[in-house]
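A.B. asks: Protein chains in written order, with our numbering: chain W, 1 to 256; chain D, 1 to 256.
Attaching a single structure in structure tokens format; questions to follow.
There are 2 protein chains.
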Amino acid sequence: MPDEPAPPPTGDPSAPDPPDQPLRVEVLSAVFQVRAAGDMSQQDTPRLCVLLRDPDGGGRTCPRRALPGGDVGPRETLAQSARRHLADDLDVAGLAHIEQLSVFSAPHRVPGTRTIASTYLGLLPSDARTQLPDGAAWVPVDALDPVTGPLVHDHGKIVDAARQRLAAKLSYTNIAFALAPRQFAMSELSEIYCAALGYNVDTTNLLRVLSRRAVVVATGTVGRTGRNGGRPPALYRFADSELRVTDEFATLRPPM
Amino acid sequence: MPDEPAPPPTGDPSAPDPPDQPLRVEVLSAVFQVRAAGDMSQQDTPRLCVLLRDPDGGGRTCPRRALPGGDVGPRETLAQSARRHLADDLDVAGLAHIEQLSVFSAPHRVPGTRTIASTYLGLLPSDARTQLPDGAAWVPVDALDPVTGPLVHDHGKIVDAARQRLAAKLSYTNIAFALAPRQFAMSELSEIYCAALGYNVDTTNLLRVLSRRAVVVATGTVGRTGRNGGRPPALYRFADSELRVTDEFATLRPPM
DNA sequence: TCAAAAGTGTTCGTAGTACACCCATGT
DNA sequence: ACATGGGTGTACTACGAACACTTTTGA
Numbered sequence: 001m002p003d004e005p006a007p008p009p010t011g012d013p014s015a016p017d018p019p020d021q022p023l024r025v026e027v028l029s030a031v032f033q034v035r036a037a038g039d040m041s042q043q044d045t046p047r048l049c050v051l052l053r054d055p056d057g058g059g060r061t062c063p064r065r066a067l068p069g070g071d072v073g074p075r076e077t078l079a080q081s082a083r084r085h086l087a088d089d090l091d092v093a094g095l096a097h098i099e100q101l102s103v104f105s106a107p108h109r110v111p112g113t114r115t116i117a118s119t120y121l122g123l124l125p126s127d128a129r130t131q132l133p134d135g136a137a138w139v140p141v142d143a144l145d146p147v148t149g150p151l152v153h154d155h156g157k158i159v160d161a162a163r164q165r166l167a168a169k170l171s172y173t174n175i176a177f178a179l180a181p182r183q184f185a186m187s188e189l190s191e192i193y194c195a196a197l198g199y200n201v202d203t204t205n206l207l208r209v210l211s212r213r214a215v216v217v218a219t220g221t222v223g224r225t226g227r228n229g230g231r232p233p234a235l236y237r238f239a240d241s242e243l244r245v246t247d248e249f250a251t252l253r254p255p256m
Numbered sequence: 001m002p003d004e005p006a007p008p009p010t011g012d013p014s015a016p017d018p019p020d021q022p023l024r025v026e027v028l029s030a031v032f033q034v035r036a037a038g039d040m041s042q043q044d045t046p047r048l049c050v051l052l053r054d055p056d057g058g059g060r061t062c063p064r065r066a067l068p069g070g071d072v073g074p075r076e077t078l079a080q081s082a083r084r085h086l087a088d089d090l091d092v093a094g095l096a097h098i099e100q101l102s103v104f105s106a107p108h109r110v111p112g113t114r115t116i117a118s119t120y121l122g123l124l125p126s127d128a129r130t131q132l133p134d135g136a137a138w139v140p141v142d143a144l145d146p147v148t149g150p151l152v153h154d155h156g157k158i159v160d161a162a163r164q165r166l167a168a169k170l171s172y173t174n175i176a177f178a179l180a181p182r183q184f185a186m187s188e189l190s191e192i193y194c195a196a197l198g199y200n201v202d203t204t205n206l207l208r209v210l211s212r213r214a215v216v217v218a219t220g221t222v223g224r225t226g227r228n229g230g231r232p233p234a235l236y237r238f239a240d241s242e243l244r245v246t247d248e249f250a251t252l253r254p255p256m
């Protein structure tokens with residue numbers, strides 16, 4: 001699924017590759033944050049947003065939209081490179097999680113020099129306030145194809161892969177720690193799950209599941225009640241602040 | 001986990017990368033097959049084996065061991081490149097499945113030119129007979145570190161990553177189709193699961209789980225009884241011959 | 001006192017495990 | 001017939017989903 005089903009090689013498939021062939025390796029990152037959509041027209045329910053950038057620089061009427069990234073430096077790993085390129089747009093210290101997605105290697109996925117893209121998924125807690133430079137913006141992922149045109153090159157596919165990865169890991173890991181604030185009411189966490197998954201999640205059951213797995217723990221403190229009254233919520237936090245698999249081997253697990 | 005925690009870059013981390021820096025991209029594949037270990041001393045229970053190759057050519061007394069692979073050609077995707085390099089050792093048409101693993105990019109993971117490795121997991125059905133050239137061999141994965149020395153460079157880590165990926169997907173996908181023969185008794189399939197997972201799997205329950213999920217279906221035919229008598233087994237086959245997720249979202253699944 | 005939000009308890013369905021028991025074959 | 005492996009049936013456990021009911025606040 002990562003590699004597009006490119007047509008079979010037209011040249012001699014067993015030709016030894018010239019060691020000096022021009023070859024670029026770029027790193028592209030899909031960074032997500034759940035944020036209450038900028039327009040305050042609606043009763044803004046939080047939405048999953050992705051960080052996009054205009055590759056031609058800011059200030060256009062109809063900017064092209066691309067994922068942030070760039071080339072790999074000679075002395076850095078790919079993960080370090082991803083962080084370095086993201087530092088142009090946001091405070092990378094706030095990035096709570098970053099992990100590798102697949103490599104996109106179709107020979108002509110971008111025009112010009114043969115460019116292989118190693119892609120990353122990054123997550124930013126919902127309470128991290130970012131000051132984006134010109135040409136960068138948070139775009140709700142469910143408003144991508146229809147409204148603004150498609151993304152540059154194959155970046156749309158990369159965002160899709162990132163969404164799928166996130167949705168899957170929400171189900172069997174504690175990855176939501178990287179999308180949630182340090183402390184939160186279960187209703188807030190539920191909204192984050194809803195935004196990331198795209199469907200409703202029962203708040204009470206979410207608490208039960210995550211408690212049993214010891215993914216979240218109560219802090220003992222309570223938060224403030226909402227605008228229209230209601231009982232003040234207990235506050236929780238994630239037990240770990242790094243990825244942990246919580247439901248490995250749902251089936252075919254080792255005996256005992 | 002894919003990128004080793006390399007030391008922070010020593011040079012200027014924000015230096016723009018020279019577009020003509022020497023950079024190699026290699027493809028490495030961990031190909032697995034469950035095979036009844038060559039030595040006929042034991043009551044040979046099948047074991048998970050990985051295809052290794054002596055990078056210095058065959059005929060050594062104490063060969064080094066490495067994963068098969070090599071550089072990417074200018075007109076091929078990484079997956080195509082993986083298949084091309086594997087063709088030196090086996091009939092790639094027999095490879096029932098191949099998928100991307102992570103990228104290994106530590107700056108000095110191999111000496112000399114900066115080399116980034118894109119890695120693949122390949123699976124060969126247990127009944128595929130292979131005629132390996134000199135210098136290539138099937139090595140049981142549980143006999144890697146202790147007996148023969150470690151693998152070259154970081155290839156040991158790559159094999160570990162491949163094993164983990166396989167074990168995980170055995171639990172929630174139909175990936176075993178790529179390790180099993182076209183037709184098989186459930187006891188054979190059970191042995192394959194045992195070999196790949198490293199622990200015992202109950203044959204009767206395996207049938208139930210895989211039947212309910214419509215992963216395997218009965219062919220209606222029966223096989224021959226074993227060496228010491230016993231009821232002849234019903235034969236089964238996998239419903240699909242391509243990867244399918246069978247247990248997506250074990251928890252937090254969409255309503256209805 | 002009423003609405004709104006949070007939290008608790010209960011019921012239900014279902015998937016997976018363990019294990020006993022029955023079936024079919026070769027010797 | 002009997003040992004050997006294959007297959008079926010059943011009971012048990014656990015987890016997650018749904019939903020009703022209770023609790024705590026603000027207006």
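Where is the CB? At the ideal position from N, CA and C, for every residue including glycine.
Given the structure is predicted, the values throughout are model-derived calculations rather than measurements.
Mind checking if D:ILE98 is an interface residue toward chain W, Cβ cutoff 8 Å exclusive?
C.D. replies: By 1-based counting over the second sequence, the position of residue 98 of chain D is 98. Chain W, which has no Cβ nearer than 8 Å to the Cβ of D:ILE98, makes this no.
A.B. asks: How would you call D:THR119, buried or exposed, if buried means at least 16 neighbouring beta carbons within 10 angstroms?
C.D. replies: The residue you call residue 119 of chain D lines up with position 119 of the second sequence. Counting Cβ neighbours within 10 Å, D:THR119 comes out buried, since at least 16 surround it.
A.B. asks: Hey, W:ALA258 and W:PRO233: beta-carbon distance below 8 Å or not?
C.D. replies: Absent from the structure is residue 258 of chain W, since the part of chain W shown begins at 1 and ends at 256.
A.B. asks: Below 7 Å on C-beta distance, what does W:ALA136 contact in chain D?
C.D. replies: Working through the first sequence from its first residue, we reach residue 136 of chain W at position 136. Going along chain D, no residue has its Cβ under 7 Å from W:ALA136, so there is no contact; the nearest lies around 18 Å.
A.B. asks: For W:VAL141, which residues in chain D fall below 9 Å Cβ to Cβ?
C.D. replies: Numbered from 1 along the first sequence, position 141 holds the residue referred to as residue 141 of chain W. In chain order: nothing, as chain D lies at least about 17 Å away.
A.B. asks: Run through chain W and tell me which residues come within less than 9 Å of D:ARG208, C-beta to C-beta.
C.D. replies: Within the second sequence, the letter at position 208 stands for residue 208 of chain D. Under the 9 Å cutoff, chain W gives no residues; its nearest Cβ is about 11 Å from D:ARG208.
A.B. asks: Would you kindly work out how many angstroms separate the C-alpha atoms of D:LEU51 and D:LEU86, rounded to a whole number?
C.D. replies: The count along the second sequence starts at 1 and reaches residue 51 of chain D at position 51. The count along the second sequence starts at 1 and reaches residue 86 of chain D at position 86. Going by the C-alpha atoms only, they are around 10 Å apart.
A.B. asks: How should D:TYR199 be labelled, buried or exposed, when 16 other C-beta atoms within 10 angstroms of its C-beta is the threshold for buried?
C.D. replies: The sequence position of residue 199 of chain D within the second sequence is 199, counting from 1. Result: exposed.
A.B. asks: State yes or no: is the C-beta of W:SER211 nearer than 7 Å to some heavy atom of the ligand FAD?
C.D. replies: The model on display carries no ligand, and the ligand FAD is accordingly not part of it.
A.B. asks: How is the beta strand (DSSP E) around D:THR219 delimited, first residue to last?
C.D. replies: Taking the second sequence and counting its residues from 1, the one referred to as residue 219 of chain D is at position 219. Unbroken beta strand (DSSP E) run through D:THR219: 216-222.
A.B. asks: Taking only beta-carbon positions, decide if D:PRO46 is within less than 8 Å of chain W.
C.D. replies: Position 46 of the second sequence, counted from the first residue, corresponds to residue 46 of chain D. No, no contact with chain W.
A.B. asks: Please report whether the beta-carbon of D:ALA176 lies at a distance below 8 Å from any beta-carbon of chain W.
C.D. replies: By one-based count along the second sequence, residue 176 of chain D stands at place 176. Not one chain W Cβ lies under 8 Å of D:ALA176.
A.B. asks: Between the Cα of D:PRO68 and those of D:THR45, D:VAL92, D:ARG75, spot the shortest distance and give me the residue it belongs to.
C.D. replies: Locating residue 68 of chain D in the second sequence gives position 68, where the first residue counts as 1. Comparing Cα positions, the closest option is D:VAL92.
A.B. asks: Using alpha carbons as the reference points, say which of W:LEU95, W:LYS157, W:VAL27 lies closest to W:PRO272.
C.D. replies: The structure shown does not extend to residue 272 of chain W, since chain W spans only 1 to 256, so no value can be given for it.
A.B. asks: Given W:VAL141, which residues of its chain have a CB within under 8 Å of its CB, disregarding the five upstream and five downstream residues?
C.D. replies: Taking the first residue of the first sequence as position 1, residue 141 of chain W is located at position 141. Cβ within range, chain order: PHE32, ARG47, LEU48, CYS49, VAL50, VAL159, ARG163.
A.B. asks: With distance defined between alpha-carbon atoms, name the residue in W:ALA30, W:HIS108, W:LEU23, W:ARG253 nearest to W:VAL139.
C.D. replies: In the first sequence, the residue the question calls residue 139 of chain W occupies position 139. Of the candidates W:ALA30, W:HIS108, W:LEU23, W:ARG253, the one whose C-alpha sits nearest the C-alpha of W:VAL139 is W:ALA30.
A.B. asks: Looking at the unbroken alpha helix (DSSP H) that takes in D:ASP160, where does it start and where does it end?
C.D. replies: Taking the second sequence and counting its residues from 1, one reaches residue 160 of chain D at position 160. Unbroken alpha helix (DSSP H) run through D:ASP160: 155-172.
A.B. asks: Tell me whether D:SER41 is buried or exposed, calling it buried when 16 or more other Cβ atoms sit within 10 Å of its Cβ.
C.D. replies: The residue given as residue 41 of chain D occupies position 41 in the second sequence. At D:SER41, the pLDDT of 45 sits below 50, so the modelled position is not reliable; the number obtained from the coordinates is stated separately. D:SER41 should be labelled exposed.
A.B. asks: Please report the distance separating the alpha-carbon of D:ASN174 from that of W:GLY112.
C.D. replies: Within the second sequence, numbered from 1, the residue matching residue 174 of chain D stands at position 174. Within the first sequence, numbered from 1, the residue matching residue 112 of chain W stands at position 112. In this structure, the alpha-carbon of D:ASN174 lies about 39 Å from that of W:GLY112.
A.B. asks: So, is the C-beta of W:GLU242 closer than 8 Å to a C-beta in chain D?
C.D. replies: Locating residue 242 of chain W in the first sequence gives position 242, counting from the first residue. No - not a single Cβ of chain D is within 8 Å of the one on W:GLU242.
A.B. asks: How would you write the range of the beta strand (DSSP E) that D:ARG277 sits in, first residue to last?
C.D. replies: The question about residue 277 of chain D has no answer, for chain D in this structure spans 1 to 256.
A.B. asks: Can you check which of these residues, W:GLU242, W:ASP89, W:ARG253, is closest to D:VAL201 by C-alpha distance?
C.D. replies: For the purposes of this step, residue 201 of chain D is taken as the residue at position 201 of the second sequence. Among W:GLU242, W:ASP89, W:ARG253, the Cα nearest to that of D:VAL201 belongs to W:ARG253.
A.B. asks: Measuring CA to CA, which of D:ALA250, D:VAL34, D:TYR172 is closest to D:ARG129?
C.D. replies: Within the second sequence, residue 129 of chain D is the residue found at index 129, counting from 1. Minimum Cα distance to D:ARG129 is reached at D:VAL34.
A.B. asks: With which residues is W:SER190 paired in a DSSP beta bridge?
C.D. replies: Start at 1 with the first residue of the first sequence, and residue 190 of chain W comes out as number 190. Partner(s): none; W:SER190 has no beta bridge.
A.B. asks: Under 8 Å, Cβ to Cβ, is there at least one residue of chain W near D:VAL159?
C.D. replies: Numbered from its first residue, the second sequence carries residue 159 of chain D at position 159. Chain W has no Cβ within less than 8 Å of the Cβ of D:VAL159.
A.B. asks: Under DSSP, the alpha helix (DSSP H) around D:GLN80 begins and ends at which residues?
C.D. replies: Position 80 of the second sequence, counted from the first residue, corresponds to residue 80 of chain D. D:GLN80 -> alpha helix (DSSP H) spans 78-86.
A.B. asks: List the DSSP bridge partners of D:ILE175.
C.D. replies: For the purposes of this step, residue 175 of chain D is taken as residue 175 along the second sequence, with counting starting at 1. Partner(s): none; D:ILE175 has no beta bridge.
A.B. asks: DSSP three-state call for D:SER41: helix, strand or coil?
C.D. replies: Here the question's residue 41 of chain D lines up with position 41 in the second sequence. Because D:SER41 carries a pLDDT of 45, less than 50, the predicted location of this residue cannot be relied on, and no value is offered for it.
A.B. asks: Answer with yes or no whether the minimum CB distance from D:SER118 to chain W is below 8 Å.
C.D. replies: The residue labelled residue 118 of chain D in the question sits at position 118 within the second sequence. Yes, D:SER118 counts as interfacial toward chain W.
A.B. asks: Against chain W, with Cβ distances strictly below 8 Å, would D:PHE249 count as a contact?
C.D. replies: Locating residue 249 of chain D in the second sequence gives position 249, where the first residue counts as 1. Answer yes: the Cβ-Cβ gap between D:PHE249 and chain W drops below 8 Å somewhere.
A.B. asks: Pair every Cβ in the segment 213-230 of chain D with every Cβ in the segment 150-159 of chain D, then say whether three or more of these pairs are closer than 8 Å.
C.D. replies: no
A.B. asks: Does any CB atom of chain D fall closer than 8 Å to the CB of W:SER29?
C.D. replies: In the first sequence, counting from the first residue as 1, residue 29 of chain W sits at position 29. No, W:SER29 lies away from the interface with chain D (no Cβ there is under 8 Å from its Cβ).
A.B. asks: Report yes or no: is there a C-beta of chain W within less than 8 Å of the C-beta of D:TYR199?
C.D. replies: For the purposes of this step, residue 199 of chain D is taken as residue 199 along the second sequence, with counting starting at 1. Closer than 8 Å: yes.
A.B. asks: When the Cα atoms are used, what is the spatial distance from W:TYR193 to W:ASN205?
C.D. replies: For this step, residue 193 of chain W is matched to residue 193 along the first sequence. For this step, residue 205 of chain W is matched to residue 205 along the first sequence. The alpha-carbon atoms of W:TYR193 and W:ASN205 are separated by roughly 12 Å.
A.B. asks: Going by C-alpha to C-alpha distance, which of D:ARG182, D:GLY122, D:ASP134, D:ASP145 sits closest to D:LEU166?
C.D. replies: Position 166 of the second sequence, counted from the start, is the residue given in the question as residue 166 of chain D. Of the listed residues, the one whose Cα sits closest to D:LEU166 is D:GLY122.
A.B. asks: From the DSSP secondary-structure annotation, give me the bridge partner or partners of D:ALA185.
C.D. replies: For the purposes of this step, residue 185 of chain D is taken as the residue at position 185 of the second sequence. Partner residues in the beta bridge of D:ALA185, as assigned by DSSP, are D:LEU235.
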